[in-house]
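A short write-up of the structure that comes next.
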Amino acid sequence: MVVAKISDVEFGVDLPTFEPDTSLATAGKFATLVGWGGARFTDHEAARKEGLPGAMVPGILSQGYLVAMIHNWAPDAEVRSIDTVFRAPVIADEKHSISGVVTDIDEDERRVEIDLTVSNEKGETRVFGTAVIELPA
Amino acid sequence: MDQDIEETREKFLNRDFDEKTFDIPAEVTIEYARLCGETASRFLDPADPDFQAPPTYIASLSGGRALPEDFPRFGIGMDAGKGVECFRPVRPGTTITGRTHLHDIYSKTGRSGRMVFAVSRIEFYDEEGNHLANSDSRMVMREKG
Chain A
95 MVVAKISDVE FGVDLPTFEP DTSLATAGKF ATLVGWGGAR FTDHEAARKE
145 GLPGAMVPGI LSQGYLVAMI HNWAPDAEVR SIDTVFRAPV IADEKHSISG
195 VVTDIDEDER RVEIDLTVSN EKGETRVFGT AVIELPA
Chain B
28 MDQDIEETRE KFLNRDFDEK TFDIPAEVTI EYARLCGETA SRFLDPADPD
78 FQAPPTYIAS LSGGRALPED FPRFGIGMDA GKGVECFRPV RPGTTITGRT
128 HLHDIYSKTG RSGRMVFAVS RIEFYDEEGN HLANSDSRMV MREKG
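Line by line, the protein sequences are chains A and B. So the first sequence is numbered by the working numbering: it starts at 95 and just counts up by one. So the second sequence is numbered by the working numbering: it starts at 28 and just counts up by one.
As structure tokens, this is what we get:
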């Protein structure tokens, strides 16, 4: 269900699961775009030589996935804040999914709080965060 | 709170230590949005009347330095997280100014010793002086045992 206004939101509801593009190509393009040109984002072998399990998705790209997921659910949502904790690397070319749940609703301020989690296929949390969005009346 | 953390807070909190201007190129914000998976035209189409950078775009903008020049070295710093607060949209094609200060300093002690956290905040303003957004970088420094 696409959410258009604050009255569409129910406390405790799960957002539709979002599968971000965590391919090495996307991670590398993003890292280059923001000036983080480093082999750890573009080359699995080079990343392993740095002691990582593989090339990583930049943390701020994971943050961007979380917001894209919110807009996928509520296209007109205005993100007022998002706080993100990078618990462990998101490894490029591994499948990840993002889950979200509504944890608070303030109908007067038209604001909704959402807890968000990026997990890998083993179900391990890699990134988690909390967003506050504003929706139309 | 530990005495040295209190003293560090007293000396460094809420004092600007960096200022930098940033051009906001539309082609960059569009690609940023596309790679994140955004599909809304307000992030992708310059002809959209509400065309804007995606909310987390400012997290990619770094100041001239992450910590004040004389900030104590508690240990090697690692990225512990990012936060963004949005007050007004950041419009592609404009120039914005970022001013950086330390927003918070605190410590946590666990079995492996003490970790010191510093939250560096960049406040972004448009050319008219409107406060657009804040970008927080949380750095953790693990002390050697």
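Quick reminder that beta carbons are idealized off the backbone N, C-alpha and C, glycines included.
- Shorter than 8 Å from the beta carbon of Leu71/B to some beta carbon of chain A? In the second sequence, counting from the first residue as 1, residue 71/B sits at position 44. No, Leu71/B lies away from the interface with chain A (no Cβ there is under 8 Å from its Cβ).
- State whether the segment 184–191 of chain A contacts the segment 37–47 of chain B, with contact taken as three or more CB pairs (one from each stretch) at a distance under 8 Å. Taking 8 Å as the limit for Cβ pairs, the verdict is that the segment 37–47 of chain B does not touch the segment 184–191 of chain A.
- Cross-strand partners of Ile89/A (DSSP beta bridge): Outside the shown range of chain A, which is 95 to 231, sits residue 89/A, and nothing can be said about it.
- First through last residue of the beta strand (DSSP E) which encompasses Ala160/B: Sequence index remark: in the second sequence, residue 160/B carries index 133 (1-based). 158–169 is the extent of the beta strand (DSSP E) around Ala160/B.
- Item | Validate contact between the segment 185–202 of chain A and the segment 108–122 of chain A using beta carbons, cut 8 Å, 3 pairs | Result yes; three or more Cβ-Cβ pairs closer than 8 Å.
- For the beta strand (DSSP E) that Asp50/B lies in, which residues bound it at each end? Counted from its first residue, the second sequence places residue 50/B at position 23. Element bounds for Asp50/B: 45–50.
- Query: On the three-state DSSP scale, how would you describe Asn41/B?
  - Reply: Working through the second sequence from its first residue, we reach residue 41/B at position 14. DSSP places Asn41/B in coil when its eight states are reduced to three.
- Assign Val96/A to buried or exposed, taking buried as 16 or more other Cβ atoms, counted over all protein chains shown, within 10 Å of its Cβ. Start at 1 with the first residue of the first sequence, and residue 96/A comes out as number 2. The residue is exposed, with fewer than 16 neighbouring Cβ atoms inside 10 Å.
- Query: How about Ile85/B and Val111/B: do their beta carbons lie closer than 8 Å?
  - Reply: Against the second sequence, residue 85/B aligns to sequence position 58. Against the second sequence, residue 111/B aligns to sequence position 84. Against a cut-off of 8 Å, the Cβ pair of Val111/B and Ile85/B comes out as a contact.
- Message: On the CB-based measure, 16 or more other CB atoms within 10 Å of its CB, does Glu2/B come out buried or exposed?
- Response: Examination of residue 2/B is not possible in this model, given that chain B is present from 28 through 172 alone.
- Spatial distance of Thr178/A from Gly158/A (CA atoms): As a working note, residue 178/A is residue 84 in the first sequence. As a working note, residue 158/A is residue 64 in the first sequence. Spanning the alpha carbons of Thr178/A and Gly158/A requires a straight line of approximately 10 Å.
- Which of the three DSSP states, helix, strand or coil, is assigned to Ser191/A? Looking up residue 191/A in the first sequence gives position 97. Reduced to three states, the DSSP call for Ser191/A is strand.
- Query: In chain A, what lies closer than 7 Å to Val111/B by C-beta?
  - Reply: On the second sequence, residue 111/B is found 84 positions in, with the first residue counted as 1. Those are Ser175, Ile176, listed as they occur along chain A.
- Message: Quick check on this structure: which residue in Ile149/B, Met168/B, Thr122/B has the alpha carbon closest to the alpha carbon of Phe101/B?
- Response: Translated into the one-based positions of the second sequence, residue 101/B becomes position 74. Looking at the Cα atoms, Met168/B is the closest of the given residues.
- Query: So what does DSSP say about Ser213/A, is it helix, strand or coil?
  - Reply: In the first sequence, residue 213/A corresponds to position 119, counting from 1. In the structure shown, Ser213/A sits in a strand (DSSP, three-state: E or B).
- Query: Under three-state DSSP, which class holds Phe65/B?
  - Reply: Numbered from 1 along the second sequence, position 38 holds the residue referred to as residue 65/B. Here residue 65/B turns out to be Glu, not Phe, going by the sequence shown. In the structure shown, the three-state DSSP call for Glu65/B is coil.
- Message: For a test of the three-state rule: what should DSSP assign to Glu71/B, helix, strand or coil?
- Response: As a position in the second sequence, residue 71/B is number 44, starting the count at 1. Correcting the residue identity first, residue 71/B is Leu in this sequence and not Glu. Residue state, collapsed to three classes: helix.
- Task: Measure from the alpha carbon of Phe112/A to the alpha carbon of each residue in Ser193/A, Gly106/A, Leu146/A, Arg174/A, then state which is nearest.
- Result: Taking the first residue of the first sequence as position 1, residue 112/A is located at position 18. Considering only Ser193/A, Gly106/A, Leu146/A, Arg174/A, the residue with the shortest C-alpha distance to Phe112/A is Ser193/A.
- Message: Taking the straight line between their C-alpha atoms, what separation do you get for Glu215/A and Glu33/B?
- Response: As a working mapping, residue 215/A is identified with position 121 in the first sequence. As a working mapping, residue 33/B is identified with position 6 in the second sequence. So the alpha carbons of these two residues sit roughly 43 Å apart.
- Query: Which of the three DSSP states, helix, strand or coil, is assigned to Lys99/A?
  - Reply: The residue given as residue 99/A occupies position 5 in the first sequence. In the three-state reduction of the DSSP assignment, Lys99/A falls in the coil class.
- Message: Relative to the C-alpha of Gly108/B, which candidate in Gly223/A, Pro230/A, Ile199/A has its C-alpha closest?
- Response: Position 81 of the second sequence holds residue 108/B. Between Gly108/B and the set Gly223/A, Pro230/A, Ile199/A, the nearest pair of CA atoms involves Gly223/A.
- Task: For Met166/B, count neighbouring C-beta atoms within 10 Å of its own C-beta (all shown protein chains included) and say buried if the count is 16 or more, exposed if not.
- Result: Counted from its first residue, the second sequence places residue 166/B at position 139. Its Cβ being crowded by 16 or more others within 10 Å, Met166/B is buried.
- Scan the segment 99–134 of chain B and note each continuous beta strand (DSSP E) run of 3 residues or more that stays entirely inside, going in chain order. Entirely contained in the segment 99–134 of chain B, the beta strand (DSSP E) runs reaching 3 residues are, in chain order, 103–113.
- Got a sec? Which residues, its chain only, sit under 8 Å from Ala121/A by beta carbon, not counting five neighbours each side? In the first sequence, the residue the question calls residue 121/A occupies position 27. Excluding residues within five positions, the ones whose Cβ falls inside 8 Å are Phe135, Thr136, Ala149, Met150, Val151, Pro152, Leu155, Ala186.
- Counting only the same chain and skipping the five closest in sequence on each side, list residues whose C-beta sits under 6 Å from that of Met105/B. Position 78 of the second sequence, counting from 1, holds the residue named residue 105/B. Excluding the 5 residues flanking it on each side, Met105/B has same chain C-beta neighbours closer than 6 Å at Val167, in chain order.
- Query: Any heavy atom of the ligand ATP within a distance shorter than 7 Å of the CB on Gly194/A?
  - Reply: The model on display carries no ligand, and the ligand ATP is accordingly not part of it.
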